[in-house]
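Participant: Mind looking over this structure? Questions follow.
Protein chains: 2
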Amino acid sequence: MTDVRRRSTKQREAVRDALDAADGFVSAQSLHAAMRDGGSTVGLATVYRALATLETDGVADAVQHDGETVYRACTPTHHHHLICRECGRTIELEADRIEAWTQQVAADHGYRDARHTIEITGICDRHAPGGDA
Amino acid sequence: MTDVRRRSTKQREAVRDALDAADGFVSAQSLHAAMRDGGSTVGLATVYRALATLETDGVADAVQHDGETVYRACTPTHHHHLICRECGRTIELEADRIEAWTQQVAADHGYRDARHTIEITGICDRHAPGGDA
DNA sequence: CGCATTTTGACAACGGTTCTCATTCGCGAG
DNA sequence: CTCGCGAATGAGAACCGTTGTCAAAATGCG
């Protein structure tokens, strides 16, 4: 399952570079825009495809955000995110306890090959307490 | 924040009923189809709106599934889900430890009003181990 | 080099969700 | 009970992110 026949193309590399250069999470569209802005002529569909393969390869991290799929170059270690609902500032979290817990829970119920998604959102301290609903 | 001016309409009740009657998670579209199938004339947009308010009211649970938002009548207590990737069979989970952990982590980083999303997926034991990738 | 195969790019098509807006309905006031 | 205001509805268009199509170009192996 890991030996996917895959050619190396400059487009895919370009997407990967752009993703590395991006600060936090970016959507396929904005990444495409940024690339085009930087002189690249890569097509939108290609960006989508590249991002998908990048995720499959474990190089990119995909998260659903408000109906949009946002990607991010991810560190090799498994982690989760703490995201500010106001500004999108993201902090990476690692918690072995939680990893263990999810595996345990899945196993307890007879579920194999457990994966999990954990996202914590909040309002970070850079925002005045009275400013929002 | 909890006193949203809200009228009670038969449409919303119908949606709520339909959601209660549904087995597991259902999309707005399929719920609408089921309702129409059952003689209701509620519009699709209304189903979307009702589902949204239902979620706001804590009566329904929304989960993203493959680009679709699926809803489910949920128990009043906060919980998460363990979902089979093969058949969609769902088990509700409750874990105070995890709740506490998320709050703690958010607070540690100066994030207020923390919310979280936790989904665990796996392959449940009703499926033969050798059948899939 | 030559060929089989993969990948690309432009754009159409798709699907889910949201918006628009005139009409209807709920519900409190009189 | 009736009136009236504003929320809720419904039909369909509009939106938007994403995926499919398909001919042309690129890749890499022999």
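If you read the sequences in order, they're chains A and B.
The opening position of the first sequence corresponds to residue 3 in my numbering, with each subsequent residue numbered one higher.
The opening position of the second sequence corresponds to residue 3 in my numbering, with each subsequent residue numbered one higher.
Just so you know, even glycine gets a beta-carbon here, dropped at the ideal spot from N, CA and C.
Small disclaimer: the values here were computed from a predicted structure and weren't measured.
Quick check on Tyr50 of chain B - is its C-beta less than 7 Å from some C-beta in chain A?
Facilitator: One-based indexing of the second sequence puts residue 50 of chain B at position 48. Not an interface residue.
Participant: Quick check on the burial criterion: 16 or more other C-beta atoms within 10 angstroms. Buried or exposed for Ala52 of chain B?
Facilitator: As a first step, residue 52 of chain B is located in the second sequence; it is residue number 50 there, counting from the start. By the 10 Å Cβ count, Ala52 of chain B comes out buried.
Participant: So which residues on chain A does His111 of chain B lean against when the C-beta distance must stay under 7 Å?
Facilitator: Counting from 1 along the second sequence, the entry for residue 111 of chain B is found at position 109. Here the neighbours are Leu84 and Ile93.
Participant: With 7 Å as the threshold, decide whether the Cβ of Thr104 of chain A is near any Cβ in chain B.
Facilitator: To locate residue 104 of chain A, count along the first sequence from 1; it is residue 102. By this cut-off, Thr104 of chain A is an interface position.
Participant: Going by DSSP, what residue range makes up the alpha helix (DSSP H) through Thr58 of chain B?
Facilitator: By one-based count along the second sequence, residue 58 of chain B stands at place 56. Residues Leu46 to Thr58.
Participant: With a threshold of 7 Å between beta-carbons, can Thr123 of chain A be considered close to chain B, or not?
Facilitator: Position 121 of the first sequence, counted from the start, is the residue given in the question as residue 123 of chain A. Yes, contact with chain B.
Participant: Three-state secondary structure (DSSP) at Thr11 of chain B?
Facilitator: Here residue 11 of chain B is taken as the residue at index 9 of the second sequence, counted from 1. Judged by DSSP in its simplified three-state form, Thr11 of chain B adopts coil rather than helix or strand.
Participant: Starting from the beta carbon of Gln137 of chain B, find every residue of chain A whose beta carbon is closer than 7 Å, and list them in chain order.
Facilitator: What is shown of chain B runs 3 to 135, which leaves residue 137 of chain B out entirely.
Participant: Determine whether the Cβ of Arg74 of chain A lies closer than 7 Å to any Cβ atom of chain B.
Facilitator: Position 72 of the first sequence, counting from 1, holds the residue named residue 74 of chain A. Judged by the 7 Å Cβ criterion, Arg74 of chain A is not in contact with chain B.
Participant: What are the complete beta strand (DSSP E) segments, minimum 3 residues, inside the stretch 58-84 of chain B?
Facilitator: Taking 3 residues as the shortest admissible run, the stretch 58-84 of chain B contains the following complete beta strand (DSSP E) segments, listed from N- to C-terminal end: 62-67 and 70-75.
Participant: Can you say whether Arg14 of chain B is buried or exposed, counting buried as having 16 or more other CB atoms within 10 angstroms of its CB?
Facilitator: Numbered from its first residue, the second sequence carries residue 14 of chain B at position 12. So Arg14 of chain B counts as buried.
Participant: Is Ala64 of chain B closer than 7 Å to Thr71 of chain B when the C-beta atoms are compared?
Facilitator: The sequence position of residue 71 of chain B within the second sequence is 69, counting from 1. The sequence position of residue 64 of chain B within the second sequence is 62, counting from 1. A contact, by the Cβ cut-off of 7 Å.
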